Structures are given as structure tokens and as C-alpha cells.
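Below is one structure; the comments refer to it alone.
Protein chains: 4
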Amino acid sequence: MSFNTFGKIFRFTTWGESHGPAIGCVIDGCPPNINIRESDIQIELDKRRPGQSKFTTQRKEDDKVKILSGVFEGKTTGTPISLIIYNKDMRSRDYETIKNKFRPGHADFTYFKKYGIRDYRGGGRQSARETASRVAAGAVAKKVLEKKIGKKYKVVGAVTQLGILGCDTKKWNDQTIRKNPFFCPDKSIVKLWEKYLLSIRKSGNSCGAIIELRARGIPVGLGAPIYSKLDMDIASAMMSINAVKGVNVGSGMNSAQLTGDQNSDEISQSGKKLKFFSNNAGGILGGISTGQEIIVSFAVKPTSSILKSRKTINKFGENTTISVKGRHDPCVGIRAVPVGEAMLNCILLDHYLMHKAQCK
Amino acid sequence: MSFNTFGKIFRFTTWGESHGPAIGCVIDGCPPNINIRESDIQIELDKRRPGQSKFTTQRKEDDKVKILSGVFEGKTTGTPISLIIYNKDMRSRDYETIKNKFRPGHADFTYFKKYGIRDYRGGGRQSARETASRVAAGAVAKKVLEKKIGKKYKVVGAVTQLGILGCDTKKWNDQTIRKNPFFCPDKSIVKLWEKYLLSIRKSGNSCGAIIELRARGIPVGLGAPIYSKLDMDIASAMMSINAVKGVNVGSGMNSAQLTGDQNSDEISQSGKKLKFFSNNAGGILGGISTGQEIIVSFAVKPTSSILKSRKTINKFGENTTISVKGRHDPCVGIRAVPVGEAMLNCILLDHYLMHKAQCK
Amino acid sequence: MSFNTFGKIFRFTTWGESHGPAIGCVIDGCPPNINIRESDIQIELDKRRPGQSKFTTQRKEDDKVKILSGVFEGKTTGTPISLIIYNKDMRSRDYETIKNKFRPGHADFTYFKKYGIRDYRGGGRQSARETASRVAAGAVAKKVLEKKIGKKYKVVGAVTQLGILGCDTKKWNDQTIRKNPFFCPDKSIVKLWEKYLLSIRKSGNSCGAIIELRARGIPVGLGAPIYSKLDMDIASAMMSINAVKGVNVGSGMNSAQLTGDQNSDEISQSGKKLKFFSNNAGGILGGISTGQEIIVSFAVKPTSSILKSRKTINKFGENTTISVKGRHDPCVGIRAVPVGEAMLNCILLDHYLMHKAQCK
Amino acid sequence: MSFNTFGKIFRFTTWGESHGPAIGCVIDGCPPNINIRESDIQIELDKRRPGQSKFTTQRKEDDKVKILSGVFEGKTTGTPISLIIYNKDMRSRDYETIKNKFRPGHADFTYFKKYGIRDYRGGGRQSARETASRVAAGAVAKKVLEKKIGKKYKVVGAVTQLGILGCDTKKWNDQTIRKNPFFCPDKSIVKLWEKYLLSIRKSGNSCGAIIELRARGIPVGLGAPIYSKLDMDIASAMMSINAVKGVNVGSGMNSAQLTGDQNSDEISQSGKKLKFFSNNAGGILGGISTGQEIIVSFAVKPTSSILKSRKTINKFGENTTISVKGRHDPCVGIRAVPVGEAMLNCILLDHYLMHKAQCK
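Residue numbers (this note's numbering), protein chains in the order written: chain A, 1 to 360; chain B, 1001 to 1360; chain C, 2001 to 2360; chain D, 3001 to 3360.
This is the structure in C-alpha cells:
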């Protein structure tokens, strides 16, 4: 039972509230002798960092990570890696309005009902700020897999739908993704998205998004039936990200509409080279990786903290309305991209180690 | 780490292969002094039992469950409950064709690559036959929650889309579901589905489905942030069911297309009665139950074992084709309904106990 | 949280009551492609089987084990191995006397107070009969380690003290152990022990024992700091055996009386060969195996079910006395030898797999 | 699988090396609405703090703890509690001598062999400094249980044997324990112990100790068969403390020498009051608390880092000798008292919550 721990062998435990002194995580089970520097982690954190464009929250956090343990002379030692990120730009007074009111669509209500107490400042533990710790853990996992599997190993994520606007995933380009503020993989749609999101923001509203993750260089055999299936852990991980409401692997929900011959990916062999004719499975069959690209997508609902006035109640059970000012992302889905990547890196390493334990 | 165990406090471990002597499960962590008889479990198993209509596999299994431990004089004792179901109608010779060939879209290939060995008879451990054990565990969980929460507690599932044909979920009727062979909640569409599925079967093909689950009478507060969120465990559980490729909670993937004001469920209070104006959240916010109906849906891909000839390879790495005869469900999604219900019962009990441990 | 499951990667879950239809266990995480037959397990079970001499219970159980899953064509497949042993010689009427009375020193009282219900027949779940399942699991672990490490791998246990009578552990002889009904390693003391135990039995009393386990051929590096230390898991495992009250590793409790220079085992190297001058550590330093012989001992208290009359209360809170007839071991410690061996085999395999996962 | 995490529901994860920037722990699963201040934790840490007498290490650490998360306006919120203690008085150059040499009896050798790398400064992760984190976690557990059970709840530990010198446990006095530098419960022996330990220290040697823990106010019913027995978790916890080699519950190893009628604790009832005539069981039967005082003892071996010259090898496999200067405790067992208390507090809370989950 692990309320705040994720993983089985490679495990990380996150802690910290949005407006507390710091947030952080402890990584356990990391293999020894992996080169890791703070800068390796910082690169990933910078992808998620707030305040980088007008399309994300204006909270200014440099999110500098510090390694407190588990690394000696630049190498992991096999002992727990403690990472800390200090909080800096907290404006707790912005949150006086939500101190006693529950934002519709937010976890304010459920946290309060569950625990009878909550740190309301900046959303406290509910805040998406917690995901910075995941990104840090994911950076470590990535380094391990790059050493174990080699440079062909790569996880890359993108926003493939912004509110009502999709993109053409056939035009997916890894380079494009890092060159626009939306992690959009399709250059041709970026301008349109920009206009759309500006209008959403101006209207004091927010929108949802779909994020797609692709993992390459994955060996066949990762994932363990029946209750440690790779896709099961992926679904679990993605659903654990704030505001996520749906997860697909490969053809996902759409597979319901296919017939057996449309859906099943035919196989052929040419010399030593095995080939699948399609990838409806998203690289996973029976919960085990096929060696194909792993394809996962998930939906992030629109940010709940919006300027538009909404009906709600306060903690005394009285009817009221709420309009949230603060500094919120108009589309929280955008910054979910590096978080999704991080979670997938962690799961893949975890299953890599599990497979090594039982089967190698 | 629990390859074949599901749950945290209320845990079940399943075992058994499709054509072995028996399958079964061991339930651990069940509260004591709950009335439970074999017939309570049998009722649930009978919903999933094969051979009940021409729309499911013709394998004849009476699936009689036997309680081997943990129940004394009709009551649970708090010790592990071991359940066994003997396999009867095995025709292993039907599987000679797949002995050395990998069915496209099936786990044949990945099991073999992972373990270097597999029991191919009837799909061995990959077979959906394993899900009978889950249904048995779910029956026990249901009995516990009915005692703890009361009769208002209810989980009910239905097929809401059969291949390309949806249904009108506004016409959802619990009584209707048990009166047609598709677990369809909308009486008006049943005839059409029947025609459609017969044509699928006749063509030696198969189709996918979407299953929706609704849980009522759920107290507020179940689910624990950050890595034991209720929706996280639900996503994990549903994705663990054979052939599932996508999971939605509430508005699910569709929430990406909504704006903040469309999506967030407004709240009001009238006396002691709290009311949400909508349920896009599917009854879960921040991973914690709101007290609303919990709504989950998941997609089951079409059965991989089809008569239609498909390109594949054999275990010697040679190109070949395969056409699977056997006795397979034309839409394996139908029998996933009681399985989904069972998993949801188990998760809800697990979180009920977890909540009791930490917060009561 | 695992009430009835032991282990982390190689895990077994036991179930069953003394007078239920059967007992058994499910082994999860076993590596694939290990040769295992029912006879491999039966050999170990036969060491523990009751009714083999006048020094153990006269209950007649042939304890025939049946493999229900996880083994295909003589080899493990990596899927759960379900083992079952049917109960045969139950005389539940012998237990009418304890139906409502609590045996002093027995778990009758605590089970009843904890759960509010208990299966009193033959001690129900409290019965040492549960340990047969452990022996079965240990037999599988042993097979795996013999394949992975080689035939130099060996775990052997013995009774080194019977009540007030010790033995000379310097005369330890593996062959001797199997040739007397006490698992005594010192031939010279066997006759005396026989007389002593007969007198204990005649007087309607019982006695305790100390069991020592030695594990050879252990690679350096097994065990993971800080909370998966090898000795920690060993202490836990031994303490989980019925009636065990103390556990020592190496010099154990006696190490309190040593000085630093007496206690610490000096090291030298001769060519490729590393040598320790002593083994006070019992083969474990910092929770990690040193490569030396692992030495563990544990104390089993005297059987609580004795003929001698004892003061107690019944479940209605009334004072009474109890004198237990039934068929009880005069020294339950004797049959703890194969159980201790089994637990040590399981732990060593578990740590072997864990080490492989993180460090290889 | 939890290398650096202890517990099941109330869990803590420790991190940090002796000479890194800080050490700390993350506590998960703590119930909400418990009053906790840094000073509550500091009181316990001060008991373990080094440099308080000439009988412990002269390293000067004020061991000030800081709460980084999980507490809001003086109360726990149910979210993870992150605690940090900065390291201050590190003299890493003292450790140059052990950089390449393995101290006999120390984990230097095994850590290096396991991981192929180790932070040798101050013993790195092997250092008993890690136990400060446990004491901090224990302080939180204690506060929770004092609220849940009431002030009658109390865990108190003492050194009952110092090297070759025992004490009279019949003279146990809780007040005495805090008034001498040995945590000795028997005033009459303190002077003698003082002389003895001074002579040990002067000779550049060290000695072992036995610590006894007593827990009062424990409700009946804590502990869960078969593999979450209370005594099993206690044995595991005590054995996880640095340098511990043996653990007893109640009569412990000595129970081997008793007969059944000597050992089993008779019971009587007088009105509502249940009474046991003795406590050989140490308050635990069948792994479940009886409601009596819980009595546990464990042996701590003598400190391995001694001035006396010892034969060893270096990491290049060459024979050498070692004499450790540094600032080491002549009897590391003394400071194990608050650590043992802390671990017992954590276990009791964990089982309290587990019992609540399943049985209330």
C-alpha cells in the first residue's frame, strides 16, 4: 500500500505542497553506477517549468533541483536518491478566496471531506506542482535506460489535440515538438492553436487536451501478467496525473469499432527482422511489450480554476459562487507532456528491472 | 510486487490455466463475520459463464465454485478464502494449430518471447478463463460492501457499444441488462445488435465493444492521493482485463474537447442534501470519490482468434498464415461486463478499507 | 500489505485450515523453465509429515501434494504455481473441549478477540498444519536456486537443543540429521534425547527446542539495505513460524557479551580466495551476504496443547481449567526443521532475484 | 518491494548518507488531524543525539529536524510528512583510512561487493546516522497512538546488559532510565557500568549490549496472521537496526528450555478484568497482541570501528591491517534504545491501522 509512492522495484515517493517550503521525491531501487548530475534532471524539469510562455501559468519558479543523497562522485550508489526543489514564488493570499469555497471540478471538496482538513494554499497537495517531482524521477529513469538499452531508447510526448482542435499525427516530428509552446508535433497547426488558446484565455475560460506518448527501442518481453501488465501500469500512471480522465493504448477506445481482421496486427519475418504490418496494439499484447513502438494517449480535462463565475458551496454548506483569479494555466494539458514522458520512463525502467529479476 | 495479485488490503491472487485441472483464487484481507455461501459466488459466475447463448463461446463449463477455506459455519473468519473451479470441457486438440504459431493480436507471441515457454492449450494463462476467478473475488467484495454500506450500494455494468453500433445510454435500464444476451441497457437496440453480431460471426470475424460501469451508493472520500487514487486503480483494473485497450472515467477522452465551464460540475446545497449539476467527473475528483455515481467505461478490442486467414510467423521464425477454429466468442467484450463489475467491486472495497484505516 | 503472502518477487500465499477440505499455496514470481515435479516437492513434505515417529503427532496425513497450475510439460512457465494438499485424518470431535475454552499459550484467545469468530477445529488457521504449504513453496525455491547457483547451494537445518539438553554443534554432520527422529546433528546425544522426550511425553507435558540452519554456496551481495536486509527478512520469516519466540544470526544474542575485537570477523586474501577467520556475523554484514555460510538459529517454545491441567477462561469470560487430549507433538520444534529450511530457501531465492534486478 | 521503506499503512522512507548534506525521511499514511510540532520530534531525537556523554561518539550534531510538508497549521493533513535533518559536523578526512580498506565486522565489504561503489565517508549509507530518521518517524507514530489509544499508551526501552554486565530487570524503573547515560533501568548497577565502559574505551575496544523494550496500553487484537504477525514485524524491525544480531519476544531463546506447563501463561477472569498469571509470551500469541505488556529484547554487537589493529584486505584484494580512529561509540547499543522505541511505535501504529481496516 503506497499512497504517495509509485513503482515496484524502481520506486519514487513524492512529498510537498504547492505553498510549503519545498517539494521533492525519494527514488528507491535505482541501479548503481549510473552517471547522473543535477543538470541531467534540470533539463527535464525545464520542459515543465511554469512561466515559460503566455500559455502557461505566470507563477515564476526556477525549479532548481538539488540532489541530497544517493549519488557519490557523480554516480548512483544504489541507495535512495533524495531530490529537493524549493518553492519560491508563492502568493498564498491569492488563495484566500478558495480558503472556504470548493472550486467545481477541483479536488478541494473531496480532500476536505476525506481528511477534514486541507492546506488550501495554492491547492496544497492537490496542486499539479507535485508533478515536478515526477519529472525529476523520470529524468533518472531515463538515464538508467539509456545506459542499459542504449541510445535507441527514447520516449517522446506531444499534444495531439488542443480543445476542439486536433492535429495530423502523420506529420509527427520530434524536432517540431520542442520548438513551439504547445509541444505540438505538427508544424502546420501551431498558428491556429495559438489563436485558439489566446481566445480561450481571454474569455476567462480553459480547455482540455490529448497527449500522445511514443516509446522507442523497447525490448520484447516487458510487462508481467496478470496484474503487473505493462499497459495496466501505464493506464494507472497516466490516470494518476492531475486532471487526466481517459487513457488509450494503441487504438484505444477506437478499437471497439474495429473487426478482428482490422484490429489484429499481422506479423512477418524477413531474415532476423520481425515486422508487424500495423500497430493497433500500441506495442503491447497480453500486457507484454511486443518490441514495437509503444503508443499511449491520454486526455487532460480543462483547468478547473477559471475566471468564469460558477455555482458552488462553501465548507459551511452554504450556496455561493466562485471566480478564480490566481495564475492558472489556460490548458493544463500542455505541461502534462513532460509529466507523461517521465511516468512512462519510470514504468519502463521498473518493468525492465522486473523482467530481469524473473526471466533473465 | 504482485504479478498475479490484485489489491492492497482486500487482495486476491488468481492462478490456473485454461486447460489445466482447475483455476482459482485466494482472497486475503476479507473482513470477518460476513455471510457468504457458494451460491452467492455462483450467481455472479453464472453471468459470465460460457455457452449461455449463441453469441458467446460454445465451450461448456458449469463453472461450479467450491470454497476451500476462510469460511466457517457460513461466515468469513478473516483468514484467506480459497476458491476453486474445476475445468471440464477442454478440447486441447483444437489448439494444435496454434501450438507453434502466433495468433496476430494475441499474447501468444509475447508470452513465448518473455518466458521462452508457454502452455498453448486454450491460451494457457493468457486465456480470458482467468477472469472467472475475478468474478468470484468480486462476489465476495460485493457481499462485504452490501453489509458495510447497505443495500443502496450497487455496481452495474452494460455493453453500450457493440462494434460500430452504439446505444442510447439515456435509456439505460438495469432490468433490461439481464434480459438480453448482450448486457445491453437499451431495449430498443437489442434486435439490431443481434443481427449485426450474427453477421460478424458468420463471416468468421469478430468485433469490439464498449462497456460502461456505474457504481451507486458510494460514500464521499474513497481514494487516496497521489498514487492510490481511486480512478488510477480503476484504470489499472480495467486495463488488466483481457483485450481492453482504453479506459474513461466520466467524460473521459471526450473531456479534452470541453471548456472549463462546460466540464466542471457545479455544486449546490439544499438543506442537508448536496447536489452536483452534472457528472463529467464520473464521481471522482483528485482521485477521491465525490459521493456521486461513479461512471467508468472501457473498450474491449475484437477477439483475435478468428476464422479469417491472417499472416503470421511460427516459433521457428518462418512466415505462415493462421485461421483459428476453436470455440471463440465473436465479441469477447460481452462477457467482460461481469468481469468489469467484479473488478470495480473489489477496488471499491479495497478503498473503503484503506479509507477506514487512515481516516476514520 | 500481505496478511497471508510471504516474499517480494518470489512470493507465496498460503491458505487453508487444519480441518477444512484442503490446504495449499500459490507461488508467484517463480522463474520459468525450471524442472519441477510433484515428487520434488513431496520429498520435502515427507520430512515434515506427521505420524512418522512416536515423537511427533499421531495424526496420519500422507500429505500428497498436487500441482494445479504453472507447470507445463515438467517445467515452470513463469505463471503462478498452485499447490494443494488434501486434509484426510481430521478428528474434529477431539476439539469439542477447546470449542469454547482458550488454551493458555495458544492463539485461541487472540484469534477470537481479533476476529470475533474462529474455526476451532484442530486449531483452524492457527494450526502448524499451515507450515506444510511453506515446505512445498520452499521445495520449489530450492530447485530454482540449485539451477541458478549450482549444486554447491545447500540449506540444512537441525535441532541443536531439545528442552534442557543441548548438543555439540562441532560434531554437526549432515548425514546424521536425517537418520534420527529429532533432526539431531550430533550422533552422540541422540539416545539421551530419546529418553528425555519420552519422559516429557509420559508426564503429559511438552518441551521447547532450538533449531539451527546453515546455508552454503551463497554468493556475496544478497540483501538490500536498509529495509530489505537479508537478516531482517530471515528474522521475520523465522518469527512467523508457529511458536517461535527468538531468532539469532551468527553469534546472535551472545554477541552482546563480546568485545569488538572478539566479535568482528577478520579477513584475509590468498590468491583469488578470500577468507574470514571466524563467522560471528553468521554470513551477513549490513544486511548483505558476505559469501560465508549463513548461520541462523531460532527457539521454538514448548507445545501449548498439553495434558496437564491449566487454568484458563472460556469465551463467556468464566474461569475454568483445560487439559488437552488430541494428538499433539511433545516437541513441536522438531518438525520446525524442514519449515525453517523452506523459509530460508524462499528468502534466499527472493533476495537472489532482487539482487539480479537492481545490481546485475 | 521496499528497499528503504518500512511499514505497510503507516510507512516511512529514509534517505541520506552520513556525510552528505542532509538525511531525512518521508512518512506516508499518517492519519490526519494529529497535532504535531517540530518540538515533539526534537524531544525524541535528542535522546539519540550524539555527543551527549563521554560514552557516545563525540561527533557534534544538534540534529535539528525541520518539517517540510504534510503538516498545516500544526496538524497533520493526511499527506506525506517530509522531515529533514542537516548534517553539520562531518570530518570526512577521518575516513581516508577506510576509503580502500574494509573494516572487519562492518558493512564496508558487502556494500562494495554488492554495488561496486560506495560512499565511504562516515560509513555513507551504512552509518547508524540513518537511525535518526527512524527516531523522527517514531515520534510521529507515538503522537498518533497517544491520541488514538490515550495516555496509557507508552513504549519505553532500556539497556539491560552492557557487555558482560547484566542488570536486575526486576528493579526496572522508567524514571531511572532517563537519568543515566546508559538508559539503564536499574540504579544499583550504573556505577559499575560506568567503570566497565570507560575501561573498554580506554583499551581501544568496544562492547555489545542487550536492549529491552516494553509497550503498555496495547489493545488486544493487533497483528495479522500468518505473514503480518506482530512479532514477525517486530523481529524484522529490530534486526534492521544497525549491528543487531538477535531478537527475543517474551521468554525468547530461553523458551526452548521450558516445559509446556512452565511456559504457557495461564489466564483468569475477575469481573470484567482479564488476568494472565505470567508473560512468557511477551504479550503476543499467534502473532496477535494479548493486551498484556509487549516485551521485546535484542542484542547489539560491539562497534566494529575500533582502535585495536585488525587483519583485513583492501579493495584491491591485498592483505593489510586496519585500526580505526574516528569518533565512534564504544557501545553503539546505548543509542539503539531510542531507535528501538521508535521502531516499536511505528509497528504498533501500523498494526493499529491494519486492524482498524480489516476488523473494526
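For glycine and all other residues, C-beta sits at the position ideal for the given N, C-alpha and C.
What you are looking at is a predicted structure, and each value in this text was computed from that prediction instead of being measured.
#### Entry: Beta-carbon proximity list for residue 1323 of chain B, same chain, < 6 Å, skipping 5 on both sides
Here the question's residue 1323 of chain B lines up with position 323 in the second sequence. Cβ neighbours of residue 1323 of chain B beyond the five flanking positions: 1307, 1309.
### Query
Which of the residues in the segment 7 to 39 of chain A, read from start to end, lie with their CB under 8 Å from any CB of chain D?
8, 9, 11, 13, 14, 15, 16, 17, 20, 21, 22, 23, 24, 26, 28, 29, 32, 33
### Query
When you compare only the Cα positions, how much space is there between residue 2084 of chain C and residue 1213 of chain B?
Along the third sequence, read from residue 1 onward, the residue named residue 2084 of chain C stands at position 84. Along the second sequence, read from residue 1 onward, the residue named residue 1213 of chain B stands at position 213. Each residue's Cα considered, the two are about 36 Å apart.
### Query
Hey, is residue 61 of chain A close to the ligand ADP, as in C-beta under 7 Å from one of its heavy atoms?
For the structure depicted, the ligand ADP is absent and the ligand set is empty, with no information on it obtainable.
### Task
Give the secondary structure of residue 293 of chain A by DSSP, where H, G and I count as helix, E and B as strand, and everything else as coil.
As a working note, residue 293 of chain A is residue 293 in the first sequence. Coil.
#### Entry: Where the alpha helix (DSSP H) containing residue 1138 of chain B begins and where it ends
To locate residue 1138 of chain B, count along the second sequence from 1; it is residue 138. Looking at the DSSP string, the run of the alpha helix (DSSP H) that includes residue 1138 of chain B is 1131 to 1148.
### Query
What's the call for residue 1312 of chain B, buried or exposed, on a 16-neighbour Cβ count within 10 Å?
Here residue 1312 of chain B refers to the residue found at position 312 when the second sequence is read from its first residue. Counting Cβ neighbours within 10 Å, residue 1312 of chain B comes out buried, since at least 16 surround it.
#### Entry: Beta-carbon contacts of residue 1125 of chain B that lie in its chain and below 7 Å, excluding the five residues immediately before and after
Taking the second sequence and counting its residues from 1, the one referred to as residue 1125 of chain B is at position 125. Closer than 7 Å at Cβ, skipping near neighbours: 1017, 1119.
### Query
How many angstroms separate the CA atom of residue 2428 of chain C from the CA atom of residue 1024 of chain B?
No answer is possible for residue 2428 of chain C: the residues shown for chain C start at 2001 and end at 2360.
### residue 361 of chain A versus residue 6 of chain A - alpha carbon distance
Shown here, chain A extends from 1 to 360; a query on residue 361 of chain A therefore has no answer.
### Query
Does residue 1132 of chain B come within less than 8 Å of chain D when only Cβ atoms are used?
Position 132 of the second sequence, counted from the first residue, corresponds to residue 1132 of chain B. Output row for residue 1132 of chain B: interface = no.
### Query
In whole angstroms, what is the alpha-carbon distance linking residue 3203 of chain D and residue 3197 of chain D?
As a working mapping, residue 3203 of chain D is identified with position 203 in the fourth sequence. As a working mapping, residue 3197 of chain D is identified with position 197 in the fourth sequence. One C-alpha to the other measures close to 10 Å.
### Message
From the DSSP secondary-structure annotation, give me the bridge partner or partners of residue 206 of chain A.
### Response
Position 206 of the first sequence holds residue 206 of chain A. The partner list for residue 206 of chain A (beta bridge, DSSP) is empty, contrary to what the question assumes.
### Task
Give a yes or no on contact between the segment 225 to 235 of chain A and the segment 1267 to 1284 of chain B, applying the rule of three or more CB pairs nearer than 8 Å.
no
### Message
If you reduce the DSSP assignment to three classes, tell me which class residue 3028 of chain D lands in.
### Response
Along the fourth sequence, one-based indexing puts residue 3028 of chain D at 28. Residue 3028 of chain D: strand per DSSP, three-state reduction.
### Query
If you check the beta carbons only, do residue 1008 of chain B and residue 1354 of chain B fall under 8 Å apart?
If you number the second sequence from 1, residue 1008 of chain B lands on position 8. If you number the second sequence from 1, residue 1354 of chain B lands on position 354. Yes, these two residues count as a Cβ contact at 8 Å.
### Query
Out of curiosity, what's the CA-to-CA distance linking residue 22 of chain A and residue 140 of chain A?
Mapped onto the first sequence, residue 22 of chain A falls at position 22. Mapped onto the first sequence, residue 140 of chain A falls at position 140. Cα to Cα, the separation comes out at about 20 Å.
### Query
Whose CA, out of D/3133, D/3151, D/3048, lies closest to the CA of residue 3060 of chain D?
As a position in the fourth sequence, residue 3060 of chain D is number 60, starting the count at 1. Cα-wise, what sits closest to residue 3060 of chain D is D/3048.
#### Entry: Proximity of residue 1249 of chain B and residue 1239 of chain B at Cβ, strictly below 8 Å
Sequence index remark: in the second sequence, residue 1249 of chain B carries index 249 (1-based). Sequence index remark: in the second sequence, residue 1239 of chain B carries index 239 (1-based). Result no, Cβ atoms of residue 1249 of chain B and residue 1239 of chain B do not sit closer than 8 Å.
### Task
Could you give the DSSP three-state label for residue 2251 of chain C: helix, strand or coil?
For this step, residue 2251 of chain C is matched to residue 251 along the third sequence. Coil, per DSSP.
### Query
Under 8 Å, do residue 1138 of chain B and residue 1044 of chain B count as touching if we go by C-beta distance?
Residue 1138 of chain B sits at position 138 when you count from the first residue of the second sequence. Residue 1044 of chain B sits at position 44 when you count from the first residue of the second sequence. Contact: yes.
#### Entry: Start-to-end residues for the alpha helix (DSSP H) that takes in residue 1220 of chain B
The count along the second sequence starts at 1 and reaches residue 1220 of chain B at position 220. First-last for residue 1220 of chain B: undefined, no H or E at that position.
### Query
Looking at the C-beta of residue 3357 of chain D, does it have a partner C-beta in chain B at a distance below 8 Å?
Taking the fourth sequence and counting its residues from 1, one reaches residue 3357 of chain D at position 357. At least one chain B Cβ lies under 8 Å of residue 3357 of chain D.
### Query
Using 8 Å as the threshold, is the segment 1093 to 1109 of chain B in touch with the segment 280 to 295 of chain A, meaning 3 or more CB pairs across them?
yes
### Message
Rounded to whole angstroms, what is the Cα-Cα separation between residue 128 of chain A and residue 297 of chain A?
### Response
Translated into the one-based positions of the first sequence, residue 128 of chain A becomes position 128. Translated into the one-based positions of the first sequence, residue 297 of chain A becomes position 297. Whole-angstrom Cα-Cα distance: 19 Å.
### Task
Inspect the beta-carbon positions of residue 2101 of chain C and residue 3263 of chain D and report whether they are closer than 8 Å.
On the third sequence, residue 2101 of chain C is found 101 positions in, with the first residue counted as 1. On the fourth sequence, residue 3263 of chain D is found 263 positions in, with the first residue counted as 1. It is not a contact, given that the beta carbons lie outside the stated cut-off.
### Reduced DSSP secondary structure (H/G/I, E/B, other) of residue 2324 of chain C
For this step, residue 2324 of chain C is matched to residue 324 along the third sequence. Three-state result, residue 2324 of chain C: coil.
### Given 8 Å, three or more beta-carbon pairs between the segment 3024 to 3036 of chain D and the segment 3072 to 3087 of chain D
yes
### Query
Between the segment 1237 to 1248 of chain B and chain D, which residues of the former have a C-beta closer than 8 Å to a C-beta of the latter?
none
### Query
Does the distance from the C-beta atom of residue 200 of chain A to that of residue 330 of chain A stay below 8 Å?
Position 200 of the first sequence holds residue 200 of chain A. Position 330 of the first sequence holds residue 330 of chain A. The answer is yes: Cβ separation under 8 Å.
### Query
Are the CB atoms of residue 3114 of chain D and residue 2167 of chain C nearer to each other than 8 Å?
Position 114 of the fourth sequence, counted from the start, is the residue given in the question as residue 3114 of chain D. Position 167 of the third sequence, counted from the start, is the residue given in the question as residue 2167 of chain C. No. Outside cutoff.
### Query
What residues in the segment 96 to 115 of chain A bring their beta carbon closer than 9 Å to a beta carbon of chain D?
111, 114, 115
### Contacts that residue 3175 of chain D makes with chain C (C-beta to C-beta distance below 7 Å)
Along the fourth sequence, read from residue 1 onward, the residue named residue 3175 of chain D stands at position 175. Per Cβ cutoff of 7 Å: no residues; residue 3175 of chain D is ~25 Å from chain C at best.
### Message
Between residue 2285 of chain C and chain D, is the shortest Cβ-Cβ distance under 8 Å, so that the two count as touching?
### Response
Taking the first residue of the third sequence as position 1, residue 2285 of chain C is located at position 285. Chain D contact via Cβ: present.
### Query
Near residue 2243 of chain C, which residues of its chain fall below 7 Å by C-beta distance, leaving aside the five closest residues on each side in sequence?
Taking the third sequence and counting its residues from 1, one reaches residue 2243 of chain C at position 243. Counting only Cβ-Cβ distances below 7 Å, and skipping sequence neighbours, we find 2300, 2301, 2332.
### Query
Name the DSSP bridge partner or partners of residue 1193 of chain B?
As a working mapping, residue 1193 of chain B is identified with position 193 in the second sequence. Paired residues: none, contrary to the question.
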